[in-house]
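For reference, the structure discussed in these notes is given below.
Number of protein chains: 2
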Amino acid sequence: MKYSQLFGRTRKSQKQYESKNQTLLQQAGFVDQVSAGVYAFLPLGLRVLNKISNIVREEMNAIGGQEVLLSALVPQELWEKTNRWNLDVAFKTELNNGGKFALGWSHEEVISTIAQQYIQSYKDLPFAPYQIQTKFRNEARAKSGIMRGREFLMKDMYSFHVDQTDLDAFYERAKDAYFRVFSRVGLGDRTFVTFASGGVFAKFSHEFQTLSDAGEDTIYLQRDKNIAINKEVLTDEVLAELGVRRDELEEVKAIEVGNIFKLGSRFSEGLDVKFLDEKGAQQFPVMGCYGIGPSRVMGTVVECLSDEKGMVWPKEIAPYAVHLIDIGEGARGQAEFVYESLKKRGVEVLWDDRDLRAGEKFADADLIGIPLRVVVSERNGKMLEVKERSEGEVRVIELEALSAFV
Amino acid sequence: MKYSQLFGRTRKSQKQYESKNQTLLQQAGFVDQVSAGVYAFLPLGLRVLNKISNIVREEMNAIGGQEVLLSALVPQELWEKTNRWNLDVAFKTELNNGGKFALGWSHEEVISTIAQQYIQSYKDLPFAPYQIQTKFRNEARAKSGIMRGREFLMKDMYSFHVDQTDLDAFYERAKDAYFRVFSRVGLGDRTFVTFASGGVFAKFSHEFQTLSDAGEDTIYLQRDKNIAINKEVLTDEVLAELGVRRDELEEVKAIEVGNIFKLGSRFSEGLDVKFLDEKGAQQFPVMGCYGIGPSRVMGTVVECLSDEKGMVWPKEIAPYAVHLIDIGEGARGQAEFVYESLKKRGVEVLWDDRDLRAGEKFADADLIGIPLRVVVSERNGKMLEVKERSEGEVRVIELEALSAFV
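Written out as structure tokens, the structure reads:
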């Protein structure tokens, strides 16, 4: 992609927002705020968001998840079956000719109603449909950029099982899949499985909490034992159960980047989903649910991995692999050659082909945060100056040697 | 994918709906109705929908379109700038703490407001952002299955130009791109560019109308001249302008599968989007907009290409390339071998591994409509029986010869 033609370029004039991710993403032309907590993703931002979503998709498919796409409009009748119609979290809307909906902020009701039609006997279980879909939450406060949106992208998976043992086994596989996701997006070393409230469903749920001062959650870490506890469940009883002492705990701020829940049979009972077991008796399947917000993950990466110059994208989710810069008129032809060569090899390259001073191009490259900067200049002739965004060292190499870096 | 594990299987017991596409898609387990005009896409249906979306994406990218993702929540203030807040088409919703939104049914307001920040001079033009996004329409009537939804998937592209000449040239390229889309999804031979009302923006807009008795539109065709006219603009003046006589016209029913509009400067003026031309004078960009609904296209393919036994998917948009069936216990091992071989070669294969009679499996395969049926049976040993869904002929071939069919 030639930068001069890109829709969504850097805007240094953008104001500072309360959240770093919003400030940097808007300055770099990745997103634009439509309303508080409501964002448009421009081409660079959408590329990152899609790469994160694809990682999530691959990891969910790898544990047997099957992708579906449910509706945002969820009718009042469905919510009433589970007593969730009158919750403040929902945006409500209605048809001109009658009929009310809440915009889906979670989809247990919809997926269970569909699942009901495909579950006759224990032989039809287990299964785990998931979707990657726009969700809506009527949030009072929306000042954390794309980390807490009123409209945001969410992967929600729901699993259905014949019994608790089968759920427990799948739950552990899902936990592992979540770790692989956070590792691949570059947050693995600072993300902890955290004991959190299980609500009315179970004693605990598990959150994936990424350490960051921008986090809205407070968690307590015992690093040696790799145990993390959300403040909301920090009681003497829980400490005893987990075998940790209060005085060994470190209090840290963290961002909740994922959560997984054992739901038991609350929804299958509420929505009358049944199956016949091996003895021919009717049973309610036990369910689990598993959430990750790709847009929140994207915001978290910006919060955690940026530096004073801008964003620093890990290779797997960077909008492009190479940020190509030409300096001086005499380098234009060589830049074009490098650009076409890289594209031919399938390397994703963004070429800043603007007629600007080197310093401005370098500053924009740092702000945008593509992993590898490649400079073509008259001075270096056919040689390329390469520098990784996360390092200071500049190397001068031949085009043929570039493949080692991408 | 093994059919026994698939989420969303055939349900012959499904009732007959008013629309054929809904009946067949629900019977075959591709979609499920959540509410009238609101559908969930199950794995088979989502695969088709994604393939259609990807064709649209490729063709938009090929003419320079750049993908973005705008918001569904569009604030009241934006609609008021173009006098579109008080339209019945919109679902409205509001924040608990104030602030109203309409759910986006079109996005001229949002994209123009964003574009404004990136247009300073004529050098920044043209550009053509597009999105593939869930849209919402407060439709009174929603009985055409996934062809007319209250919630549906839409590709909407908006182009911005320095003048009418540049818009006109891009508009023709977009028209060609639309033809390539309809050709690739299997509707090319029955889809006509149709003169339709240009509304307040222009004399004409252009609809892409696919001939079908299930269509809600009436158009008039002059096949020899390849001219189609929507009933709404059929006047003597228009006939004279297009050089056709009323008595040469054939009246047909058709489904509007796409439309393209020249918007002029209505939205750029309403939203105060300006640029400086070569002489330094302020100008409003002229805009075009280009819509195609992947979910409506999917419904249209079902309406047009199915037969009395079920659906018939064209290769480019079929959920799988091969529908593998094993008959009799002795064929199970060979089926497994064929299944794994095809997967290794990257062939998308759905294996009906259920313990059912051949007749039931054949009937389900016809209903689902995957292009190639491959049967493994004890009788045929290592040989495969292949039959294309759209043809009657059965051939017996070796596995190695299968590549000629997929």
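Protein chains in written order, with my numbering: chain S, -13 to 392; chain A, -13 to 392. Glycine included, every Cβ here is placed at the ideal spot set by N, Cα and C.
**Report entry** Residue interval of the alpha helix (DSSP H) (run including K37(A))
**Finding:** Residues 29 to 48.
Query raised in the report: G(-6)(A) versus chain S: which residues are under 7 angstroms apart at the beta carbon?
Result: Within chain S, the residues placing a beta-carbon under 7 angstroms from that of G(-6)(A) are Y104, ordered along the chain.
Query raised in the report: Would DSSP call S26(A) helix, strand or coil?
Result: Position check: residue 26(A) holds Ala in this sequence, whereas Ser was assumed. Per DSSP, reduced to three states, the secondary structure at A26(A) is strand.
Requested in this report: Determine which residues share a DSSP beta bridge with Y144(A) and list them.
Outcome: Note: Y144(A) sits in a beta bridge opposite C275(A).
Report task. Kindly say whether A26(S), judged by its beta-carbon, lies nearer than 7 angstroms to any beta-carbon of chain A. Result -> Using beta-carbon distances, A26(S) counts as an interface residue toward chain A, with a partner under 7 angstroms.
Report task. Could you tell me if N82(A) is buried or exposed, where buried requires 16 or more neighbouring beta carbons within 10 angstroms of its beta carbon? Result -> Exposed.
Report task. Apply the 10 Å Cβ neighbour rule to G174(S) and answer buried if 16 or more other Cβ atoms are within range, or exposed otherwise. Result -> Burial check for G174(S): the Cβ neighbour count within 10 Å stays below 16, so the residue is exposed.
Query raised in the report: Counting Cβ pairs, one atom from each stretch, are 3 or more of them under 8 angstroms apart for the region 159 to 173 of chain S and the region 277 to 292 of chain S?
Result: A contact exists between the region 159 to 173 of chain S and the region 277 to 292 of chain S.
Query raised in the report: Quick one: what does DSSP say W65(A) is sitting in, helix, strand or coil?
Result: In the structure shown, W65(A) sits in a helix (DSSP, three-state: H, G or I).
Report task. Quick one: measure Cβ to Cβ for L153(A) and L35(A), integer angstroms, because I've assumed they're closer than 8 angstroms. Result -> Between L35(A) and L153(A) the Cβ distance is about 31 angstroms, and since that is not below 8 angstroms, they are no contact.
Report task. Could you check what DSSP says for S98(A) in three-state terms: helix, strand or coil? Result -> Looking at S98(A) - three-state DSSP - the assignment turns out to be helix.
Query raised in the report: Any C-beta of chain S sitting closer than 7 angstroms to the C-beta of A126(A)?
Result: Taking 7 angstroms as the threshold, the shortest C-beta distance from A126(A) to chain S falls below it.
Query - Expected contact under 8 angstroms - CB spacing of K78(S) and T120(A) to nearest Å - result: Actually they are not in contact, since the Cβ atoms of K78(S) and T120(A) sit about 18 angstroms apart, beyond 8 angstroms.
Query raised in the report: According to the Cβ coordinates, are V362(A) and A321(A) closer than 7 angstroms?
Result: One thing to note: V362(A) has its Cβ within 7 angstroms of the Cβ of A321(A).
Query raised in the report: Considering only C-alpha positions, which residue in the set K(-12)(S), D339(S), A58(S) is nearest to E315(S)?
Result: Taking only the C-alpha atoms, the option nearest E315(S) is D339(S).
Query raised in the report: What is the residue span of the alpha helix (DSSP H) that S394(S) lies within?
Result: Only positions -13 to 392 of chain S appear in this structure, which leaves residue 394(S) out of reach.
**Report entry** 7 angstroms CB neighbourhood of G279(S) in its chain, flanking five on each side removed
**Finding:** Taking G279(S) as the centre and dropping the five residues before and after it, the same chain places the C-beta of F138, L139, M140 closer than 7 angstroms to its C-beta, in chain order.
Report task. Determine the closest residue to Y104(S) out of Q13(A), E94(A), F181(A), with distance taken between C-alpha atoms. Result -> For the set Q13(A), E94(A), F181(A), the Cα lying nearest the Cα of Y104(S) is the one of Q13(A).
Report task. Check whether the region -13 to -2 of chain A touches the region 265 to 279 of chain A, counting contact only when three or more Cβ pairs, one atom from each stretch, lie closer than 8 angstroms. Result -> In short, these stretches do not touch, since the Cβ pair count stays below three.
Query raised in the report: Among K239(S), M46(S), S39(S), E255(S), which has the Cα closest to the Cα of N69(S)?
Result: Nearest of K239(S), M46(S), S39(S), E255(S) to N69(S), Cα basis: E255(S).
Query raised in the report: Roughly how far, in whole angstroms, is the beta-carbon of G277(S) from the beta-carbon of G244(S), given that I think they are within contact range, below 8 angstroms?
Result: Right, the Cβ-Cβ distance comes to about 6 angstroms (below 8 angstroms), so this counts as a contact.
Query raised in the report: How many Å lie between V238(S) and L197(S) at the Cα?
Result: Spanning the alpha carbons of V238(S) and L197(S) requires a straight line of approximately 7 angstroms.
Report task. Determine the direct distance from the alpha carbon of K217(A) to that of A349(A), and round the result to whole angstroms. Result -> Taking the Cα positions, A349(A) is about 41 angstroms away from K217(A).
Query raised in the report: What's the C-alpha gap between G15(S) and P29(S)?
Result: G15(S) and P29(S): Cα-Cα distance of roughly 9 angstroms.
Requested in this report: Find the residues of chain S that neighbour E315(A), judging by a C-beta separation of less than 7 angstroms, and give them in chain order.
Outcome: From the beta-carbon of E315(A), no residue of chain S is found nearer than 7 angstroms; the closest lies around 17 angstroms away.
Requested in this report: Could you spell out where the beta strand (DSSP E) holding T(-4)(A) opens and where it closes?
Outcome: Judged by DSSP secondary structure, T(-4)(A) falls outside any beta strand (DSSP E); it is assigned neither H nor E.
**Report entry** Listed by chain order, chain A residues near D18(S) by CB distance under 8 angstroms
**Finding:** Within chain A, the residues near D18(S) are I100, Q103.
**Report entry** Which residues DSSP lists as bridging D312(S), in chain order
**Finding:** DSSP, once it has assigned bridges, lists V362(S) as partnering D312(S).
Requested in this report: Under the assumption that L249(A) contacts F27(S) (Cβ atoms under 8 angstroms), give the Cβ distance between them as a whole number of angstroms.
Outcome: Not a contact, Cβ separation roughly 23 angstroms.
Query - According to DSSP, residues forming a beta bridge with F190(S) - result: Bridge pairing for F190(S): S183(S) [DSSP].
Query raised in the report: Based on the DSSP output, what are the partners of A307(S) in its beta bridges?
Result: Beta-bridge partners of A307(S) (DSSP): none assigned.
Query raised in the report: Secondary structure at G244(A), three-state DSSP: helix, strand or coil?
Result: Reduced to three states, the DSSP call for G244(A) is strand.
Query raised in the report: To the nearest whole angstrom, what separates the beta carbons of L32(S) and E53(A), a pair I think is in contact under 8 angstroms?
Result: Right, their Cβ atoms sit about 6 angstroms apart.
Query raised in the report: Going by the CB atoms, is the gap between A240(S) and D263(S) shorter than 7 angstroms?
Result: No, they are not a contact pair.
Report task. Count the CB pairs spanning the region 42 to 51 of chain A and the region 377 to 390 of chain A that are closer than 8 angstroms, and state whether there are at least three. Result -> These segments do not touch.
Report task. Can you tell me which of the three DSSP states G250(A) falls into? Result -> G250(A) falls in the strand class under three-state DSSP.
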